[in-house]
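*Asks:* Residue numbers (the numbering used here): 1 to 57.
Got a structure here, written out as structure tokens. Questions coming.
Below is the structure:
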């Protein structure tokens with residue numbers, strides 16, 4: 001679930017740049033989401049993810 005007032009694209013970039021990196025995450029899912037974000041753009045990516053529910057529409 002996303003933190004309040006944090007966009008999906010910002011949260012994804014934070015994961016990629018953060019101290020935990022990908023060692024504790026499922027790397028393939030993160031990279032797939034990152035690729036989708038780059039293909040469709042940050043604005044559309046953020047619209048696809050509902051911040052209140054943390055689920056894709």
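All residues carry an ideal CB built from backbone N, CA and C; glycine is no exception.
Keep in mind that this is a model prediction, so the values were computed, not measured.
Within 10 Å of its beta-carbon, does residue 28 have 16 or more other beta-carbons around it, so buried, or fewer, so exposed?
*Replies:* That one is exposed.
*Asks:* For residue 4, report the span of its alpha helix (DSSP H) as first-last.
*Replies:* Residue 4 -> no alpha helix (DSSP H), and no H or E assigned at all.
*Asks:* Please report the distance separating the alpha-carbon of residue 31 from that of residue 17.
*Replies:* If you take the alpha carbons of residue 31 and residue 17, they lie about 12 angstroms apart.
*Asks:* Go through its chain and collect everything with a Cβ distance to residue 37's Cβ below 7 angstroms, but skip five positions before and after it.
*Replies:* Closer than 7 angstroms at the Cβ level, and outside the excluded window around residue 37, lie 9, 12 and 45.
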